[in-house]
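As they're listed, the protein sequences go chains A and B.
Mapping the first sequence onto our numbering, position 102 (from 1) lands on 1080, and the numbers just tick up by one.
Mapping the second sequence onto our numbering, position 51 (from 1) lands on 53, and the numbers just tick up by one.
Every residue, glycine too, gets a C-beta built ideally from N, C-alpha and C.
Keep in mind it's a predicted model, so treat the numbers as computed, not measured.
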Amino acid sequence: AQKITQTQPGMFVQEKEAVTLDCTYDTSDPSYGLFWYKQPSSGEMIFLIYQGSYDQQNATEGRYSLNFQKARKSANLVISASQLGDSAMYFCAMREYNTDKLIFGTGTRLQVFP
Amino acid sequence: DARVTQTPRDKVTEMGQEVTMRCQPILGHNTVFWYRQTMMQGLELLAYFRNRAPLDDSGMPKDRFSAEMPDATLATLKIQPSEPRDSAVYFCASGLGAGQETQYFGPGTRLLVL
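Here you go:
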């Protein structure tokens, strides 16, 4: 069965530093998609970045990049030059081929301090 | 700026009452999802629709929950009768489906059943 694991309940990072949030997944399907969402204290879920299993290059969106290591089944989110506004919960999610369902991890709470 | 909208944003009700949550997907999106978020269970998919037809409602308690799409611009999730264990944040999300990966979430409805 498909599964998403986020082993870091909480992370701290100083402003302007880079931080990596871990995500590992388990699937037997060769085709799948991986997502990261941000949930600030206001509660909304904000889409950050997407990586397809057949994409040759790691996805990037501004200060966000996804470190995709297929053999290790990991899809870590890297946030460069952290800002105070990056403080939030971050969720990793996976979608298998031929389904629209997203399976979410338990999330990592990131705190950025000055 | 296209967004998913949800009403109400907050709802407090008493056990046994009917609760109706509404969602307006992004115009042109043909796939609509209902998720529930709790501290204990995290984010769970309740049901989803494509082109207004229900594709999967296996995550939804059938005896008290129902989801419908009366038209392409409105999705509803009803709970009747509500119970304290239904207290959660209910998110609606929409997407283009069929290989277009990203799901965009609404702000959520925070439900408290007393």
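Cβ neighbours of B:M41 within its own chain (closer than 8 Å, five residues either side excluded): none. Straight-line measurement puts the Cα of A:T1086 at about 8 Å from the Cα of A:T985. Taking 9 Å as the CB threshold, A:Y1042 stays off the interface with chain B. In this structure, the straight-line span from the alpha carbon of A:Q992 to that of A:M1023 is close to 23 Å. Within the stretch 27-86 of chain B, complete alpha helix (DSSP H) segments of at least 4 residues are not found at all. Annotation: A:Y1032 has no Cβ neighbours in chain B at a cutoff of 9 Å; minimum Cβ distance is about 12 Å. B:F107 and B:V6 do touch by the CB rule: their CB atoms are close to 6 Å apart, below 8 Å. For A:S1043, the uninterrupted beta strand (DSSP E) segment begins and ends at 1042-1047.
Residue-level contact check: B:V91 touches chain A, since one or more beta carbons of chain A fall below 9 Å from its beta carbon.
Using a CB distance cut-off of 9 Å, B:E85 does not count as an interface residue toward chain A. Around B:Q39, the same chain offers L45, A90, V91, F93 as residues with beta carbons nearer than 7 Å, after the five sequence neighbours per side are excluded.
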